[in-house]
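Colleague:
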Amino acid sequence: MNYDVISKKFEIGAPTFERRLKAAVKVQEAGYPIRIRLDPIVPIDDWEKAYAKTIKSIFDKVLPERMTLGTLRFERGFYNMRNSIFTSGPTLPEILDQMEQMFEPKLFEGSKRPLTYGICKSPKD
C-alpha cells in the first residue's frame with residue numbers, strides 16, 4: 485500500500501490505495517488477521533502529512549495485526565538504471581539523485597563487493 489498520489493504516479497497498473505483498503509476491510513470482516521505494508525515511503529514535499537493521512541485512513545477502516553513501514557531503497561543495478569526504467573516522468577529519479585547513503589559500504593560474507601546502495605535518506609531528514 486502507499487499514499488494514493490504516490491501509488492497512482494509510480495505503481496502503474498497496481499490497484500489503487502482505496503481498492504487495496506477495501507480488500508483489507510473484506511478480509512478482516514471475514515475473520516482473517518491482516519497485515520499492512522506501507523512501502524516505500526517516498527520523500528515528497530510534506531511527506532509527513534501525506535503519510536500521516538494515509539495511516540489514519542488505514543486505521544479508520546481496519547485494525548491490522550501488524551503494520552510495516554518501508555523506506556525508498558534500491559539495489560545497485562536498479563539504482564544505476566533509475567533514469568531509464570521509469571515511465572512516470574523524472575520525479576523519482578530526481579528524488580533518488582538527492583538521496584544520501586546513511587551507512588558506509590560494508591562487505592558481507594560471500595559478497596564480491598561492498599554493499600553501497602540500499603539504505604538512503606533524503607537530505608531534508
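Residues 485 to 609 in the working numbering are what the sequence shown lists, from first letter to last.
Here a beta-carbon is modelled for each residue, glycine too, at the ideal position from N, C-alpha and C.
1) Relative to the alpha-carbon of Glu495, which residue among Gly515, Ala508, Asp523 has its alpha-carbon at the smallest distance?
2) Can you look up Thr552 in the DSSP assignment and give me helix, strand or coil?
3) Quick check on this structure: which residue in Phe501, Asp529, Asp581, Phe592 has the alpha carbon closest to the alpha carbon of Met520?
4) Just the C-alpha distance for Lys493 and Lys596, rounded to the nearest angstrom, thanks.
5) Taking the C-alpha atoms as reference points, what is the distance between Gly497 and Arg503?
6) Starting from Asp529, trace the beta strand (DSSP E) both ways and give me its first and last residue.
Modeller: In this structure, then:
1) Asp523
2) strand
3) A small fix is needed here, since residue 520 is Ile in this sequence, not Met. Selected option, being the one with the closest Cα: Phe501.
4) 36 angstroms
5) 12 angstroms
6) Element bounds for Asp529: n/a, residue is neither H nor E.
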